[in-house]
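Asks: Quick note on the numbering used here: the sequence shown kicks off at 12 and runs consecutively.
Where a beta carbon is used, it is the ideal one built from N, C-alpha and C, also for glycine.
My structure is below; once you've seen it, I'll send some questions.
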Amino acid sequence: MYFLKMENIHKFYGSVHALKGVNFEVAMNEIVGLVGDNGAGKSTLVGIIAGSIPKTSGKIFVKGKEVEIPSVKAARDLGIEMVYQDQAVVETMSVAKNIFLGRELLKPGLLKLLDMKTMRKEAERITKSLGLNIASPDQEIRFCSGGERQGVAISRAMYFKAELVILDEPTAALSIAGVQKVLEFIRQLKASGTSVIFISHNLYHVYPLADRIVVFSKGEKVADMRKGETSIEELEHIQISGKRISS
């Protein structure tokens, strides 16, 4: 069963045709690698899914039901979370506060005070479940490595029960150790039953994890293949040539 299915998606920015009748889907508990050069349409597509960019036309289905996604909140209500390339974390705030950023837990009562005790406890639980070794949920993000910051952002998505997590270049500008840590976080997402869209320019990061790889070029989907049907070398050729091999 597909968690997400998109049919004939078009997006215009004035006279620029950014997405040209794209069909795209993500199955339940599937990792889809989304690759392509800059300007290929990847960011526009996932922006539509995440509710930050309106589509011009086309249909979107979540769990078989046609939906509109007019806002980030609407996407979250559907179980869709996006982890951006800059990780969307605040360096001077703690790990716990970053995980609950914008969706803080409150104590019961009229004063609506922050329930820091519960947030710390839950932050520690969810980071440990992801295999993220943070010294304390009170540790400020600025003291975390790049891989750990990605882990905190992914922990946020997991805590709020995301069924589809979109990762925008999660391994960009990380050390080798940081890359390996993030790739392990993605494996943990799949193990927890979550679907993932993994956006990257680096096929050597995407290929080992993805169940399926989709290549975009100039606003079109030019390849959509299961990992066992292709190789990194073939995908690199498609990415460079933009040659369509499947609809």
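Is V43 close to the ligand NAD? I mean its beta-carbon at under 7 Å from any heavy atom of the ligand.
Replies: Absence of the ligand NAD from the depicted structure is noted, as is the absence of any ligand whatsoever, leaving it without description.
Asks: Please report how far the alpha carbon of E41 lies from the alpha carbon of T205, in whole angstroms.
Replies: In a straight line, the C-alpha of E41 is about 7 Å away from that of T205.
Asks: Put G44 into one of helix, strand or coil per three-state DSSP.
Replies: In the structure shown, G44 sits in a strand (DSSP, three-state: E or B).
Asks: What span of residues does the alpha helix (DSSP H) with H248 cover, start to end?
Replies: That run of the alpha helix (DSSP H) goes 243-252.
Asks: Give the secondary structure of S228 by DSSP, where H, G and I count as helix, E and B as strand, and everything else as coil.
Replies: Strand at S228.
Asks: Whose C-beta lies closer than 6 Å to the C-beta of V78 among residues of the same chain, with five residues either side of it excluded?
Replies: Excluding sequence neighbours, V78 sits near I71.
Asks: Would you call the CB atoms of S166 and T138 closer than 8 Å?
Replies: Yes, the Cβ-Cβ distance between S166 and T138 is below 8 Å.
Asks: Find out if the Cβ-Cβ distance for the pair D222, V57 is shorter than 8 Å.
Replies: No; because the gap between Cβ atoms is not below 8 Å, this pair is not in contact.
Asks: So, F196 versus G44, is the Cβ gap smaller than 8 Å?
Replies: The answer is no: Cβ separation not under 8 Å.
Asks: Helix, strand or coil for F72, going by three-state DSSP, please let me know.
Replies: Three-state DSSP puts F72 in a strand.
Asks: Given L30, which residues of its chain have a CB within under 7 Å of its CB, disregarding the five upstream and five downstream residues?
Replies: I20, H21, K22, G52, T55, L56, G230.
Asks: Can you look up H216 in the DSSP assignment and give me helix, strand or coil?
Replies: Note: H216 maps to helix in three-state DSSP.
Asks: Taking the DSSP output, what are the residues bridged to E36?
Replies: According to DSSP, which records beta bridges pairwise, E36 is partnered with K16.
Asks: Below 8 Å on the Cβ atoms is my guess for N213 versus T182; work out the distance and round it to an integer in Å.
Replies: About 6 Å; that satisfies the 8 Å criterion.
Asks: Out of L121, P81, S242, R114, which has the shortest C-alpha to C-alpha gap to A134?
Replies: A134 has its Cα closest to that of R114, out of L121, P81, S242, R114.
Asks: Let me confirm a value: L124 is counted as buried when at least 16 other C-beta atoms fall within 10 Å, else exposed. Which label applies?
Replies: It is exposed - the Cβ of L124 has fewer than 16 other Cβ atoms within 10 Å.
Asks: Check this for me: beta carbons of K201 and V207, under 8 Å apart or not?
Replies: It is a contact, given that the beta carbons lie within the stated cut-off.
Asks: Quick check on S63: does DSSP put it in helix, strand or coil?
Replies: The answer is coil: DSSP assigns S63 none of H, G, I, E or B.
Asks: Leaving out five residues before and five after I80 in sequence, what residues of the same chain have Cβ atoms less than 8 Å from its Cβ?
Replies: The residues are I59, I60, A61, G62, I71, A86, L89, I91.
Asks: Within 8 Å of any Cβ in chain C, is that where the Cβ of L122 sits?
Replies: You won't find chain C in this structure, because it holds only one protein chain.
Asks: Using 10 angstroms around the beta-carbon of K66, count the other beta-carbons present and answer buried if the total reaches 16, otherwise exposed.
Replies: It is buried - the Cβ of K66 has at least 16 other Cβ atoms within 10 Å.
Asks: How would you label S228, buried or exposed, when you count the other beta carbons within 10 angstroms and need 16 or more for buried?
Replies: S228 should be labelled buried.
Asks: With a CB to CB cut of under 8 Å and the five nearest residues on each side skipped, what residues in its chain are close to V27?
Replies: So the list is empty, once near-sequence residues are dropped.
Asks: Let's see if you can read the secondary structure: which residues bound the alpha helix (DSSP H) around L178?
Replies: L178 -> not in any alpha helix (DSSP H); beta strand (DSSP E) instead, spanning 175-179.
Asks: Would you decide whether F154 is buried or exposed? Buried here means 16 or more other CB atoms lie within 10 Å of its CB.
Replies: Exposed: under 16 other Cβ atoms inside 10 Å.
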